[in-house]
Each structure stands twice: as structure tokens, then as C-alpha cells.
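**Q** Sharing a structure, written as C-alpha cells. Questions coming.
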Amino acid sequence: MTQPANSAVSPRVVVIGGGPAGLMAAETLAAAGVQVDVYDAMASVGRKFLLAGKGGMNITHSEPYADFVQRYRDRQVHVNGWLERFDADAVRAWIHDLGIETFVGTSGRVFPLEMKAAPLLRAWLHRLKESGVRFHMRQRWLGWQDGQLRFATPDGERLVEADATILALGGASWARLGSDGAWVPLLRERGVEVVPLVPANCGFDTGWSAHFSSRFAGAPLLTVAAGVRGADGAIAWRKGQFVVTEGGVEGSLVYALSAPLRDAIARDGTATLWLDLAPDHSAERVFEEVTRGRGSRSMSSHLQSRLGLKGVKAGLLHECLSKADYADPSRLAAAIKALPVTLLRTRPIDEAISSAGGVQFNAMDGAITMLRALPGVFVAGEMVDWEAPTGGYLLTACFASGRAAGRDVLAWLDAAQR
């Protein structure tokens, strides 16, 4: 909030938050000769980045740009402003410049050759430190006092002056790694519009029966399609995988549909996840097999023999259908191709991969990332009101927003010093 002084001294910018967005902002500023200080509440930076990379570091996605930007749903126009100057190809080029090779997987996702986040982060931090970026760990931001930034540290509170500030504090998932949403009231009390943070890329509770839960909790569905009914009444299907949990569902296919499912629960109280348990067979083929004579065999044995439906898939039919519907071949065949699973609520936000909500775009000054209510304060990353599915889209937009915030700070400092 402090205005930059007109002097030959290099301006000092404070970046609060050591995740991908904050580090990218710091790199952009340092490359322009600005003194950058990164503050983070944790003992080291990039903790969520490292944990996300344990199962294979998915950096970005190789699909065409027109398709890529649509992944940001109703925020694609805003996010496009970031991506136009730092898109997926730019992300790959930047990683290669760090000495990390990448490859495109069969799904189109882009990974580091070693499939790990740690080597990338080490190379990045080395370059940042070589460029003069200073890191201050275990420094929890508490807001402002007398125009200065206020931090809680192991040695007590301290005040820090800055010519400009970039907030890259993340959302509210995985609080143990630093993203706890504690910044929300600090900005609201300063007049910044913030949409409540909600889970994104999350699992859901269904209220399984005790019998189903005891038998199938932890069971994966590896060949399945799922969908959400749209406003036009049609179901947009997509294939994938997910897991039945003790009380609900989670996994990549569920995460991909979590935004409309979450919104439906908020609007209607519940949501319906539709499952196609035989996605490789047409509805006509399924009807033909279900209605085929089965002799003395039970329907369960018949479905396993003719359609390969067994285990958790057979269990879902019994769990979600009434006895009358299961006994009716026509209704059973229809349910195999479109089984309704009622979702009651999202799992808690701290379990989610990411969060939605945050600083509204109209709280920022036009096309730049500076807050209208707080001149000289800029925002980046997941704390802004956008969301994206997994697959590299989250990380790419975090990188791009950090780059945008860094450029915006440079432009603002330049204009202020003229």
C-alpha cells in the first residue's frame, strides 16, 4: 500500500506466498532488476506443488488452445488474458529452459521426463536465488499496520515496507501445506470483494447403505462413463475412472465433473451423477443382452455372463435401483446405461485438490491484477475467483497469473516513477 518513491534505488516488491503463482511473479520481477522478497508461512516454498507431483507431475496439457481455454468455464475470458501471454507452449519452453525435459502422455497431459516435481522446483529456486530473490520462511501474513505489511514470525511480529505487494496465498484446500484461506477476512475488511471459497476437484458423499459400503469401499470403477444432465436435458458423457469410498465417490472422473455437481447441490440440495456401466456397448446391445433368455440363471449371473457386470458395478445396480426396477428388464437395461447416483454434499474443502471462489475479477483494476480498493496490491493464483479441472490446467493458469501480476507491478511502478 506504500506508494513507490521517486528515486534511483531499485524498488522493493514483496511477494506473499511461495507457490507456483508467487514464484513466477518473483521471477518476472527479478528479471527486470527489481528487488524481490518472498514471504511464506511454511518452512519451505512449493509444498503443495511438491505433494501434487508425487503421483506424477502433470505440468500442463497439449490440447489445442481453443479447447484448452474452455476448461476454465465461465472464467475463460478472464483467464484467457493471462494465457495469451503465457500459454501451455510457453510453460513447456520455460521448463526446458530450466534444464527439465518433458513429454506428452497418451492422454495429452504434459509431464517432466522424470515424472517428479522436486527436480523442477530445485532448478527453479536455484535460478531465483541467483537472480537475487530473497526468501523469508515461517512468516505468516497478518494484514497491514500503518501502511506496512504485518507478519507473525518465530521471533514475534514484524512490519515490512514494500513499494508494491503481490498476494499469491492460494485457496483453502490442503491447509496443512499453507493454503488455509486465512487471507479472506483480511481483504474483506479492506473492501475487497471475495466470493466464498468452496471445494473444487473434490469427492462427494452419497449415503451408501452399510451393506454396500462394507463390501465395496475402496473398489475402483475402471471402465465407466459418467455425466451430468445439462440445462437442455441431455447428459454429456465422458469416460474415465473413479473409486467408491466408504461414504461416497472420488477420483479423476468425479473431479472432472465436480464443478457442475457442486453447483447443483448448492442450487437444489442434491445432485445426480449418471453412470454408464457398459460404455463400450450400445443401449440396443445392452437391452438385447438383458432381455435374452437366461434359463435358470439369476439376473446377476446373467449380467456377468453377457455384459461382464460384476463386483462393484453389480453392487451399484442393487444399491441404486428398487427391487421392482431391477426385476424389470427394460428398466434394468436403461439403468445400466444411465444409472442415477444421488450426491448429498461435497467432501470438506480441506480434502479437495483445489478450491473455487476467491477475489472477484471486478475487484481488480480492469485488465490488470491490482486490487481497486488497495492500489499497489496485486493478486495471483488460486486465490482469484476461477477454477479448472485437473490435467495441467490449474498449474498453467497459476503460472500465467503470476507472470501477469509481475508484469502489472512493473508497469505500475514505471508509471508511478515518471
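For the sequence shown, the UniProt record's numbering begins at 1 and goes up steadily by one. Glycine included, each C-beta is placed from N, C-alpha and C at the ideal position.
#1: Please identify the residue among Phe151, Asp205, Thr106, Cys202 whose C-alpha is closest to the C-alpha of Trp183.
#2: Between the segment 359-376 and the segment 395-410, do three or more beta carbon pairs fall short of 8 angstroms?
#3: Assuming Gly227 contacts Arg238 (C-beta within less than 8 angstroms), just tell me the rounded distance between them.
#4: Please report the distance separating the alpha-carbon of Trp223 from that of Ala164.
#5: Out of curiosity, what's the CA-to-CA distance linking residue 420 and Trp174?
#6: Alpha carbon to alpha carbon, what distance is there between Ala400 and Ile16?
#7: Alpha carbon to alpha carbon, how far is Asp385 from Leu344?
#8: So, for Arg347: in the same chain, excluding its five sequence neighbours on each side, which residues have a beta-carbon less than 8 angstroms away from its beta-carbon?
#9: On the DSSP bridge assignment, give the partners of Gln35 in chain order.
#10: Inspect the beta-carbon positions of Tyr393 and His61 and report whether they are closer than 8 angstroms.
#11: Counting along the chain, where does the beta strand (DSSP E) carrying Glu130 start and finish?
#12: In the DSSP assignment, find the alpha helix (DSSP H) that holds Gly90 and state where it starts and stops.
#13: Using the C-alpha atoms, what's the distance from Thr106 back to Pro112?
#14: Report the option in Met24, Val244, Arg75 whose CA atom is closest to the CA atom of Trp124.
#15: Closest to Arg158 by C-alpha separation, out of Gln148, Leu167, Ile166, would be which residue?
#16: Using beta carbons (cut-off 8 angstroms, strictly below), is Pro375 in contact with chain C?
#17: Using the C-alpha atoms, what's the distance from Leu303 back to Glu289?
#18: So what does DSSP say about Ser107, is it helix, strand or coil?
#19: Measure the beta-carbon distance from Glu161 to Gly108 and round it to whole angstroms, keeping in mind my assumption that it falls under 8 angstroms.
#20: Just mark Tyr65 as buried or exposed, buried being the case when its beta carbon has 16 or more other beta carbons within 10 Å.
#21: Using DSSP with H/G/I as helix, E/B as strand and the rest coil, what is Ile235?
#22: Between Leu50 and Arg292, what straight-line distance do the alpha-carbon atoms span, to the nearest angstrom?
#23: For Phe361, which residues does DSSP report across the bridge?
#24: Buried or exposed for Gly358, going by 16 or more other Cβ atoms inside 10 Å?
#25: Taking the beta strand (DSSP E) that Ala200 belongs to, which residues open and close that run?
#26: Can you list, in chain order, the residues of its chain whose CB lies under 7 angstroms from that of Ile349, leaving out five sequence neighbours each side?
#27: Within 10 angstroms of its Cβ, does Ser258 collect 16 or more other Cβ (buried), or is it exposed?
#28: Alpha carbon to alpha carbon, how far is Leu317 from Pro260?
#29: Rounding to the nearest angstrom, what Cα-Cα distance links Thr2 and Ala168 in this structure?
**A** The structure says:
#1: Phe151
#2: yes
#3: 7 angstroms
#4: Sequence check: residue 223 is Thr here, not Trp. Answer to the nearest angstrom: the Cα atoms are 51 angstroms apart.
#5: The displayed coordinates of the chain run from 1 to 418. Any statement about residue 420 would go beyond what the structure contains.
#6: 17 angstroms
#7: 24 angstroms
#8: Cβ within range, chain order: Pro199, Cys202, Gly203, Phe204, Asp205, Gly248, Glu250.
#9: Arg12
#10: yes
#11: No beta strand (DSSP E) contains Glu130, which is instead part of the alpha helix (DSSP H) from 118-130.
#12: Contrary to the premise, residue 90 reads as Ala rather than Gly in this sequence. Where Ala90 is concerned, the enclosing alpha helix (DSSP H) stretches over 88-97.
#13: 14 angstroms
#14: Comparing alpha-carbon positions, the option among Met24, Val244, Arg75 lying closest to Trp124 turns out to be Met24.
#15: Gln148
#16: Among the chains of the structure shown, chain C does not appear; only one protein chain is present.
#17: 8 angstroms
#18: Here DSSP, grouped into helix, strand and coil, assigns Ser107 to coil.
#19: About 46 angstroms; that fails the 8 angstroms criterion.
#20: Answer is exposed; the Cβ neighbour count stays below 16.
#21: strand
#22: 53 angstroms
#23: Phe361 pairs with nothing; no bridge assigned.
#24: So Gly358 counts as buried.
#25: 194-200
#26: Ala172, Ser173, Leu197, Val198, Pro199, Ser355
#27: buried
#28: Distance between the alpha carbons of Leu317 and Pro260 is about 24 angstroms.
#29: In this predicted model, Thr2 has a pLDDT of only 39, less than 50, meaning its place in the structure is not dependable; the value taken from the coordinates is given anyway. If you take the alpha carbons of Thr2 and Ala168, they lie about 18 angstroms apart.
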